[in-house]
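Quick note on the numbering used here: the sequence shown kicks off at 1 and runs consecutively.
Worksheet for the structure shown next.
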Amino acid sequence: MTKRVAVLLSGRGSNFQSLLNASLEGSLGGGISLVISNRPGAGGLCIAQDAGIETALIDHQRYPSREAFDQDLAGALDNAHPDLVVLAGFMRILTPEFVARFSGRLMNIHPSLLPLYPGLHTHQRALDNGDSHAGATVHYVTGELDGGPPVLQARVPVNSGDDANALAARVLAMEHQIYPVAVNWHLGGRLAWSDGGLLKDGLPMPPSGELWKNAS
Ligand code: GRF
Numbered sequence: 001m002t003k004r005v006a007v008l009l010s011g012r013g014s015n016f017q018s019l020l021n022a023s024l025e026g027s028l029g030g031g032i033s034l035v036i037s038n039r040p041g042a043g044g045l046c047i048a049q050d051a052g053i054e055t056a057l058i059d060h061q062r063y064p065s066r067e068a069f070d071q072d073l074a075g076a077l078d079n080a081h082p083d084l085v086v087l088a089g090f091m092r093i094l095t096p097e098f099v100a101r102f103s104g105r106l107m108n109i110h111p112s113l114l115p116l117y118p119g120l121h122t123h124q125r126a127l128d129n130g131d132s133h134a135g136a137t138v139h140y141v142t143g144e145l146d147g148g149p150p151v152l153q154a155r156v157p158v159n160s161g162d163d164a165n166a167l168a169a170r171v172l173a174m175e176h177q178i179y180p181v182a183v184n185w186h187l188g189g190r191l192a193w194s195d196g197g198l199l200k201d202g203l204p205m206p207p208s209g210e211l212w213k214n215a216s
């Protein structure tokens, strides 16, 4: 049966678009069956609707608490029976209960070379520190913010004269390449967690995940 991916997003949805492109080209290993946004104006919702994908708006501002929002979110996801839930620019911190419910089938992409710079403003922080490289990391989600096991990481150089926007654009181009690959690995059953960490094809992965240029 076709594997099912549910996408959670809050904004423009360029990572979702890259996942959608991969699914249409047959390289994702499954299809995107549901897109949920917590923000009414999210561009990603329009992309999904244009593509004929089921969408849902679950506006966090209408909920009295994070727990109540996450309960409805989890309910909507459960109805869709996803093999994987993908966070693609989803700007909400999830409750431990939600994370536990989807543990092992919840992925995120973060615009930094994790474990460096969890949280916001990653590009500016890399610039402020004078880093020679920046990048993006796909990781499984745990209760620790941007702290789950990395699956795949791509590096880009920081160029002299870069501002945060220029660096973000260079990193984003890599995000669009690596996220569909990591999702494909998951849907193809190539990734597994053990006590010792993450395995790919039965072999331990490096602590920062597989490096993109070595990825296969
Ligand atoms: C990306 O930079 C992603 O790494 C971060 O949020 C941004 C989302 O961009 N988590 P988009 O909505 O996918 O274009």
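Each residue gets a CB set at the ideal place from its N, CA and C atoms; glycine is no exception.
Just so we're clear, the structure is a prediction, and the values are computed from it rather than from any experiment.
Open item on the list: Is it buried or exposed, S194, if we count other Cβ atoms within 10 angstroms and call 16 or more buried?
Closed with: Result: exposed.
- [ ] Could you pull out every unbroken beta strand (DSSP E) segment of at least 3 residues lying fully inside the segment 63-88, listed in chain order?
- [x] The segment 63-88 contains these whole beta strand (DSSP E) runs: 84-87.
Task: Distance CB(S103)-CB(T137) smaller than 8 Å - done: No; because the gap between Cβ atoms is not below 8 Å, this pair is not in contact.
- [ ] Report the partner residues of Q153 according to the DSSP bridge assignment.
- [x] DSSP lists T137 and L211 as partners of Q153.
- [ ] For R39, count neighbouring C-beta atoms within 10 Å of its own C-beta (all shown protein chains included) and say buried if the count is 16 or more, exposed if not.
- [x] Classification for R39: buried.
Task: Residues near R105 in its chain [Cβ-Cβ closer than 8 Å; skip 5 each side] - done: Residues P82, D83, L84, V85 and H186 of the same chain have their beta carbon placed closer than 8 Å to that of R105, with the five preceding and five following residues left out of the count.
Task: Per-residue burial, D78 [other beta carbons within 10 Å of its own, 16 or more giving buried] - done: With fewer than 16 Cβ atoms within 10 Å of its Cβ, D78 is classed as exposed.
Open item on the list: Between the alpha carbons of A126 and Y117, how many angstroms are there, rounded?
Closed with: So the alpha carbons of these two residues sit roughly 8 Å apart.
TODO: Report yes or no: do three or more beta-carbon pairs, one from the segment 7-26 and one from the segment 177-186, lie closer than 8 Å?
DONE: Flag = yes, the segment 7-26 and the segment 177-186 touch.
Open item on the list: So, at 6 Å on beta carbons, what are the nonlocal neighbours of V35 in its own chain, with the 5 sequence-adjacent residues on each side left out?
Closed with: If we look at V35 and ignore the five residues flanking it on each side, its Cβ neighbours are V7, A48, I53 and T55.
- [ ] Would you tell me roughly how many angstroms separate the C-alpha atoms of V151 and E210, rounded to the nearest one?
- [x] A straight line joining the alpha-carbon of V151 with that of E210 spans about 6 Å.
- [ ] State yes or no: is the C-beta of G119 within less than 8 Å of the C-beta of D146?
- [x] In this structure, the beta-carbon distance from G119 to D146 falls below 8 Å.
TODO: Would you check if the distance between the CB atom of A134 and the CB atom of L167 is smaller than 8 Å?
DONE: Yes; because the gap between Cβ atoms is below 8 Å, this pair is in contact.
Task: Span separating the alpha-carbon of G202 from that of S216 - done: Between G202 and S216, the C-alpha separation is close to 14 Å.
TODO: Below 6 Å CB to CB, which residues in the same chain sit around H110 once its five sequence neighbours on both sides are set aside?
DONE: Non-local beta-carbon contacts of H110 in its own chain, meaning distances under 6 Å to residues more than five positions away in sequence, involve T137 and D146 in chain order.
- [ ] Using only alpha-carbon positions, find the residue among S33, Q71 and Q124 that is nearest to V5.
- [x] Out of S33, Q71 and Q124, S33 has the C-alpha closest to the C-alpha of V5.
TODO: Let me know the secondary structure DSSP gives T122 once reduced to three states.
DONE: In the structure shown, T122 sits in a helix (DSSP, three-state: H, G or I).
Task: Burial state of L73, where buried means 16 or more other Cβ atoms lie within 10 Å - done: So L73 ends up on the buried side.
Task: Chain-order list of residues whose beta-carbon lies under 6 Å from that of A192 (same chain, five-residue window excluded) - done: Closer than 6 Å at the Cβ level, and outside the excluded window around A192, lie L199.
Open item on the list: Is A88 a contact residue of the ligand GRF, with contact defined as CB to any heavy atom under 7 Å?
Closed with: At least one heavy atom of the ligand GRF falls within 7 Å of the beta-carbon of A88.
TODO: Please classify T2: is it buried, with 16 or more other beta-carbons within 10 angstroms of its beta-carbon, or exposed?
DONE: Residue environment for T2: exposed (fewer than 16 other C-beta atoms within 10 angstroms of its C-beta).
Open item on the list: Let's test the definition: count the other Cβ atoms within 10 Å of the Cβ of E245 and tell me whether it reaches 16, buried, or not, exposed.
Closed with: It is not possible to answer for residue 245, since the shown part of the chain is limited to 1 through 216.
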